[in-house]
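Here's the structure we're looking at; comments come further down.
There are 4 protein chains.
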Amino acid sequence: MQSDTTARLLITCPDRPGIVAAVSNFLFNHGANITALDQHSTDPEGGLFFMRLEFQTPHLDVSREILEKAFAERVAARFEMNWRIAYAADLKKVAILVSKYDHALLELLWRHSNRELPCTITQVISNHPDLRPEVERFGIPYHHVPVEKDRKEEAEAQILHLLGDTDLVVLARYMQILTPQFVARYPHRIINIHHSFLPAFVGANPYKQAYMRGVKIIGATAHYVTEELDQGPIIEQDVARVSHRHDVADLVRLGRDLERNVLARAVQWHLEDRIIVYGNKTVVFS
Amino acid sequence: MQSDTTARLLITCPDRPGIVAAVSNFLFNHGANITALDQHSTDPEGGLFFMRLEFQTPHLDVSREILEKAFAERVAARFEMNWRIAYAADLKKVAILVSKYDHALLELLWRHSNRELPCTITQVISNHPDLRPEVERFGIPYHHVPVEKDRKEEAEAQILHLLGDTDLVVLARYMQILTPQFVARYPHRIINIHHSFLPAFVGANPYKQAYMRGVKIIGATAHYVTEELDQGPIIEQDVARVSHRHDVADLVRLGRDLERNVLARAVQWHLEDRIIVYGNKTVVFS
Amino acid sequence: MQSDTTARLLITCPDRPGIVAAVSNFLFNHGANITALDQHSTDPEGGLFFMRLEFQTPHLDVSREILEKAFAERVAARFEMNWRIAYAADLKKVAILVSKYDHALLELLWRHSNRELPCTITQVISNHPDLRPEVERFGIPYHHVPVEKDRKEEAEAQILHLLGDTDLVVLARYMQILTPQFVARYPHRIINIHHSFLPAFVGANPYKQAYMRGVKIIGATAHYVTEELDQGPIIEQDVARVSHRHDVADLVRLGRDLERNVLARAVQWHLEDRIIVYGNKTVVFS
Amino acid sequence: MQSDTTARLLITCPDRPGIVAAVSNFLFNHGANITALDQHSTDPEGGLFFMRLEFQTPHLDVSREILEKAFAERVAARFEMNWRIAYAADLKKVAILVSKYDHALLELLWRHSNRELPCTITQVISNHPDLRPEVERFGIPYHHVPVEKDRKEEAEAQILHLLGDTDLVVLARYMQILTPQFVARYPHRIINIHHSFLPAFVGANPYKQAYMRGVKIIGATAHYVTEELDQGPIIEQDVARVSHRHDVADLVRLGRDLERNVLARAVQWHLEDRIIVYGNKTVVFS
């Protein structure tokens with residue numbers, strides 16, 4: 005899917021003629037071979053333009069720093085671009101927060117060990133000690149940070165200290181609500197899995213809510229975490245059929261399979277720099 | 005799928021040992037051959053038992069009336085059953101209410117003409133004149149009943165008069181809210197198609213709401229109409245994947261396909277006596 | 005989705021650096037605003053490169069002819085491109101061939117009347133007279149061309165005469181096998197709907213075959229017609245779950261819904277110039 | 005989903021009136037409370053009748069042996085039934101055969117540890133040593149039985165010795181073809197996962213075949229193993245959408261997710277006695 009010489013350029017800017025030509029010329033002239041290109045524009049909302057390019061770097065005629073400086077001056081400024089370049093060789097550092105359920109966590113660890121998730125999993129942090137053996141078996145450090153009711157901020161401070169400059173925080177069924185201060189530290193860099201088809205069944209016990217309402221389809225939603233609970237930009241969703249034969253325990257069991265797949269896809273797309281957030285929505289070039 | 009000699013017995017009662025034996029014995033002893041049997045019980049909610057039997061009537065040794073009287077006395081009373089028998093030979097009378105969109109209506113008319121919907125479509129009623137030619141082509145009467153803002157009850161009175169003892173009212177994108185008085189006349193006999201994955205996006209413009217929220221899956225929901233808007237028992241739902249590339253018009257277009265299929269399935273199941281309502285939920289023996 | 009000023013450029017060529025830059029520059033320099041761009045390359049098979057661009061023509065500084073001539077000389081020749089430009093304003097002429105089943109035909113006619121299929125449906129040709137009223141109701145000419153067993157070529161000659169320079173021939177459950185001579189007249193311009201999940205169940209009675217084999221999922225396949233029966237490039241497929249409860253008639257009924265949706269999508273993509281054929285496969289930029 | 009006091013009665017017999025009444029009476033009269041009942045009949049094929057009942061045993065008035073003897077004499081003989089009773093308390097003994105791929109194996113082990121698979125996994129047997137640590141971590145014995153090209157029967161003899169009276173053998177991507185002699189020892193008790201949507205792409209390298217054919221949907225199939233390779237009764241199938249963007253490695257990766265889910269469902273249904281085989285097909289009361 006990708007090699008160490010892959011780089012990705014992500015762009016958001018006002019829509020205007022000539023962007024593709026300017027960007028592709030710039031890259032071509034510096035020896036970068038474009039191997040994938042996706043673009044999108046949103047007319048009704050004022051003409052935003054989004055682009056993702058994958059290019060190969062072996063024949064670059066300049067260093068990363070010079071390439072980026074030149075791009076900023078010669079292309080980005082002219083089109084008022086919000087942009088960044090990510091290099092596949094720079095593996096992202098990922099920390100996973102989890103409570104007691106193991107399914108979403110193990111799915112990520114297994115896919116990572118199978119080379120489906122290009123990243124370094126630096127640590128798993130949990131408010132419970134239960135999953136330590138599972139995690140350490142993969143050679144990944146496990147930190148138990150208990151969260152006591154009245155000392156939540158102390159726990160968060162400890163977690164922040166552990167996280168440091170982590171690139172991505174994944175909440176793999178972490179049953180604690182993060183404070184706005186915490187969330188603000190990692191803008192669009194915290195991914196949560198919600199066990200319902202948002203915006204249906206926000207809040208607690210979504211499977212119970214789904215059962216009581218008698219829905220015929222249940223879902224799971226991976227989204228970036230923002231200050232407002234369950235309201236962040238949706239990255240991915242999936243659903244499964246249910247019937248009157250499924251009680252709440254069945255929904256929980258079926259939902260587990262949804263949760264782990266949806267979360268794994270969302271994390272993979274983030275790691276491959278396929279997601280651009282704008283407003284409260286995402287463009288996913290998958 | 006069914007012949008004119010098919011009958012269906014639908015039962016709801018407190019769960020208790022011996023029900024299947026009592027019912028199957030009763031039918032066997034009267035010459036009814038059971039050709040399908042579904043049952044369901046809901047432990048956590050106080051032990052309700054649901055059963056649907058399909059049986060063939062050619063070798064019945066008594067008349068319908070005597071059979072039903074005997075069943076009431078010898079079986080139903082003992083188990084405190086809420087029950088009914090429906091005969092496939094008695095085609096249900098169905099009226100369709102529609103506004104201007106033709107997709108859900110045409111799907112029903114086409115499936116009916118293809119013998120997928122065992123019923124008599126007695127009439128189509130609309131608050132607009134537009135769809136008359138489409139409907140009359142199928143040989144079905146079309147009634148135009150305009151609804152003026154301040155004279156809604158007059159219109160409803162006229163519709164009630166037209167409907168008479170209709171067995172089922174289908175709202176195939178009928179853009180008027182029915183009064184509680186109207187709804188009360190046809191309990192669990194009005195099916196609506198809502199163009200969202202309920203309970204997400206209740207109310208007006210669900211596709212617009214879905215677009216604004218940035219969901220990755222849209223849906224449609226067929227439900228029985230109750231006094232509370234968009235809150236009635238859900239019969240069937242289905243979904244389709246969408247992405248940032250779909251604008252509101254695309255969602256509307258994709259949603260049309262969902263709406264017509266979901267509504268058609270719900271109507272078919274109702275006509276085949278596959279649905280039992282309890283509380284605000286359905287058991288669908290499909 | 006599209007306006008009359010939309011044009012599409014489709015390119016197949018050996019993969020090489022600089023293609024995107026060359027093409028986007030060329031279009032930009034002639035006043036064409038690129039509004040969509042998809043590309044794909046197939047490394048393992050010798051590096052083929054595929055691209056589809058949508059651009060807007062109102063500010064073109066030259067005529068179509070000059071634009072195309074210039075592109076051929078300045079860009080296409082250099083990169084050894086196989087290419088074409090299609091203009092949305094030039095509605096494609098489509099003929100539909102059908103036998104007795106109406107479902108796939110009606111779906112196309114309904115979607116066309118709903119403006120989902122940008123084309124002119126010039127005629128419907130059938131080896132049976134049955135569907136004439138359905139078709140003429142849409143204001144579309146209906147030609148009955150009977151096919152007698154030993155005089156198939158006579159019938160084909162008549163059909164060819166009717167078709168003339170049709171852009172696309174759609175086989176909407178046309179139950180006659182076309183001769184290689186016929187097929188050769190419309191290379192990659194005849195779309196068929198096969199009622200199975202190809203390559204499973206080629207040949208006759210696929211639903212019967214599926215039933216006998218006891219599969220748990222059935223499918224439908226839209227493909228371009230080539231000389232070899234059921235072997236042409238696949239455009240689109242879809243599936244539905246079945247169980248032991250479904251007899252052959254049920255599979256036929258469920259399959260109808262698959263067939264009409266799969267065929268409609270394939271036709272729409274062809275009309276929007278989203279399909280590139282290479283070898284026996286398709287690239288679908290949907 | 006089930007308790008230790010659950011039993012299941014599975015019946016296949018010629019279709020005839022009175023079966024449900026006779027069976028349900030018999031169970032009721034012996035104090036067995038029926039908690040689930042599914043039936044199916046196949047008219048077109050000579051009228052076979054299938055039934056699965058779940059009943060609770062705490063109030064049985066006789067021992068298992070006496071119950072079964074009485075059923076055989078008083079009910080089964082009269083209706084020429086092929087039948088068996090399975091008791092949930094008698095956990096089935098399951099052996100898993102695997103080669104080098106871990107995904108299907110780990111899915112089964114994880115679901116088993118999560119109590120989704122009611123059985124005892126007695127051992128894992130592999131022709132490679134690689135997966136030993138993964139398996140032993142779950143406390144399950146791992147046997148490495150190498151298969152040398154010319155000494156296959158020796159290896160099979162060793163495996164048969166290890167298996168003994170195993171109730172179910174699961175081939176979780178075991179890359180050796182079993183001899184007919186081996187298969188005959190476990191009729192309808194060996195489940196295999198085939199990495200294609202059977203009957204498409206039988207034989208080797210199905211993902212490569214699917215890629216070459218250019219299909220738009222790939223699948224996986226769980227089936228009972230019979231003498232004929234890839235021809236046994238299908239238990240479950242599932243599919244995923246693919247496009248021209250997916251190369252063979254992508255298909256393999258997507259297929260892994262299908263394989264583990266499809267195999268897990270098939271194994272679960274077998275363990276819950278939900279499957280009846282007839283001819284080369286299955287009835288799955290799921």
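Protein chains in written order, with this note's numbering: chain A, 5 to 290; chain B, 5 to 290; chain C, 5 to 290; chain D, 5 to 290.
Every residue, glycine too, gets a C-beta built ideally from N, C-alpha and C.
Because the structure is a prediction, the values reported are computed rather than measured.
Is D:Arg-12 helix, strand or coil when you go by DSSP? If DSSP states are grouped into helix, strand and coil, D:Arg-12 belongs with the strands.
Any Cβ of chain B within less than 7 Å of the Cβ of D:Arg-278? Chain B, which has no Cβ nearer than 7 Å to the Cβ of D:Arg-278, makes this no.
When you compare each of A:Ile-125, A:Pro-145, A:Pro-237 to A:Leu-275 by their alpha carbons, which one comes out closest? Comparing Cα-Cα distances from A:Leu-275 to each of A:Ile-125, A:Pro-145, A:Pro-237, the minimum goes to A:Ile-125.
Does the separation of the CB atoms of B:Val-173 and B:Ala-76 fall below 7 Å? No, the Cβ-Cβ distance between B:Val-173 and B:Ala-76 is not below 7 Å.
What separation, rounded to the nearest whole angstrom, lies between the Cα atoms of B:His-199 and B:Pro-210? If you take the alpha carbons of B:His-199 and B:Pro-210, they lie about 7 Å apart.
Applying the 10 Å Cβ sphere with the 16-neighbour rule, what's the burial state of D:Arg-155? Classification of D:Arg-155: exposed, given that the 10 Å Cβ count is below 16.
Closer than 7 Å, CB to CB, is D:Val-24 near chain B or not? Yes, its Cβ sits closer than 7 Å to a Cβ of chain B.
List the endpoints of the continuous alpha helix (DSSP H) containing C:Phe-32. Here the alpha helix (DSSP H) through C:Phe-32 covers 23 to 33.
Can you list the residues of chain A that C:Ile-89 reaches, using a CB-CB cut of under 8 Å? At a C-beta separation below 8 Å, C:Ile-89 has no neighbours in chain A, since its nearest C-beta there lies roughly 17 Å away.
Pair within 7 Å by beta-carbon distance, C:Ala-268 and C:Glu-240: Contact: no.
Own chain partners of D:Trp-87 with C-beta closer than 6 Å, once the 5 adjacent residues on each side are dropped: Closer than 6 Å at Cβ, skipping near neighbours: Ile-15, Ala-80.
Please state whether DSSP places A:Tyr-228 in a helix, a strand or coil. Strand, per DSSP.
Looking at the structure shown, is B:Val-102 part of a helix, part of a strand, or coil, going by DSSP? DSSP places B:Val-102 within a strand segment (E or B) once states are collapsed to three.
Mapping the DSSP letters down to three states, classify D:Asp-42 as helix, strand or coil. Of the three classes helix, strand and coil, the one that applies to D:Asp-42 here is strand, per DSSP.
Judging by CA-CA distance, which residue of B:His-147, B:Ala-244, B:Arg-136 is the nearest neighbour of A:Gly-223? Closest by C-alpha distance to A:Gly-223, out of B:His-147, B:Ala-244, B:Arg-136, is B:Ala-244.
Once you ignore the five residues that flank B:Leu-71 on each side, which residues in its own chain have a CB closer than 7 Å to its CB? Here the set comprises His-34, Leu-64.
Counting only C-beta atoms, is A:Asn-131 closer than 7 Å to chain C at any point? Chain C, which has no Cβ nearer than 7 Å to the Cβ of A:Asn-131, makes this no.
For the pair the segment 46 to 60 of chain B and the segment 106 to 125 of chain B, tell me if three or more CB-CB distances fall below 8 Å. The segment 46 to 60 of chain B makes no contact with the segment 106 to 125 of chain B, as fewer than three CB pairs between them are under 8 Å.
Beta-ladder partner(s) of D:His-148, from DSSP: Bridge partners of D:His-148: D:Ser-130.
Which stretch, first to last residue, makes up the beta strand (DSSP E) that contains C:Asp-242? C:Asp-242 -> beta strand (DSSP E) spans 238 to 245.
Where D:Leu-164 and D:Arg-193 are concerned, what is the direct C-alpha to C-alpha distance, given to the nearest angstrom? Taking the straight line joining both Cα atoms gives about 14 Å.
Using C-beta distances below 6 Å, list every residue in its chain close to D:Lys-104, excluding the 5 sequence neighbours before and after it, in chain order. So the qualifying residues of the chain are His-132, Asp-134.
Give the secondary structure of C:Ala-159 by DSSP, where H, G and I count as helix, E and B as strand, and everything else as coil. Here C:Ala-159 sits in helix by DSSP.
Using the rule of at least 16 other Cβ atoms within 10 Å of the residue's Cβ for burial, across every protein chain shown, is D:Leu-202 buried or exposed? Counting Cβ neighbours within 10 Å, D:Leu-202 comes out buried, since at least 16 surround it.
Counting pairs of Cβ atoms below 8 Å between the segment 212 to 232 of chain D and the segment 244 to 258 of chain D, do you hit three or more? Output reads yes: the segment 244 to 258 of chain D touches the segment 212 to 232 of chain D.
Taking the continuous alpha helix (DSSP H) assigned at C:Arg-257, which residues delimit it? Unbroken alpha helix (DSSP H) run through C:Arg-257: 252 to 275.
Taking CB distances under 7 Å as the criterion, tell me whether A:Ser-247 reaches chain C. With 7 Å as the cut-off, A:Ser-247 does not count as an interface residue toward chain C.
Helix, strand or coil for B:Phe-53 per DSSP? The answer is strand: DSSP assigns B:Phe-53 an E or B state.
Indicate whether at least one CB of chain C lies closer than 7 Å to the CB of D:Glu-240. With its beta carbon less than 7 Å from one in chain C, D:Glu-240 belongs to the interface.
Straight-line CA distance for D:Gln-162 to D:Asp-169? When only Cα atoms are considered, D:Gln-162 and D:Asp-169 end up about 14 Å apart.
Contact set for D:Lys-97: own chain, Cβ-Cβ below 6 Å, skip 5 residues either direction: Only Thr-124, Thr-126, Thr-170, Asp-171 meet the Cβ criterion.
Give the residues of chain A in contact with C:Leu-52, contact being defined as C-beta atoms less than 8 Å apart. Correct list: empty, because the minimum Cβ distance to chain A is about 13 Å.
Residue range of the unbroken beta strand (DSSP E) whose run includes D:Tyr-91: D:Tyr-91 -> beta strand (DSSP E) spans 86 to 91.
Euclidean distance between Cα positions of C:His-227 and B:Leu-166: Taking the CA atoms as reference points, C:His-227 sits about 48 Å from B:Leu-166.
Measure the C-alpha to C-alpha separation of C:Thr-286 and C:Gly-236 and round it to an integer number of angstroms. Taking the straight line from one Cα to the other gives about 10 Å.
Inter-residue Cα distance where the pair is D:Met-5 and D:Ala-40: At D:Met-5 the pLDDT is 48, less than 50, meaning the model places this residue with poor confidence and gives no usable figure here.
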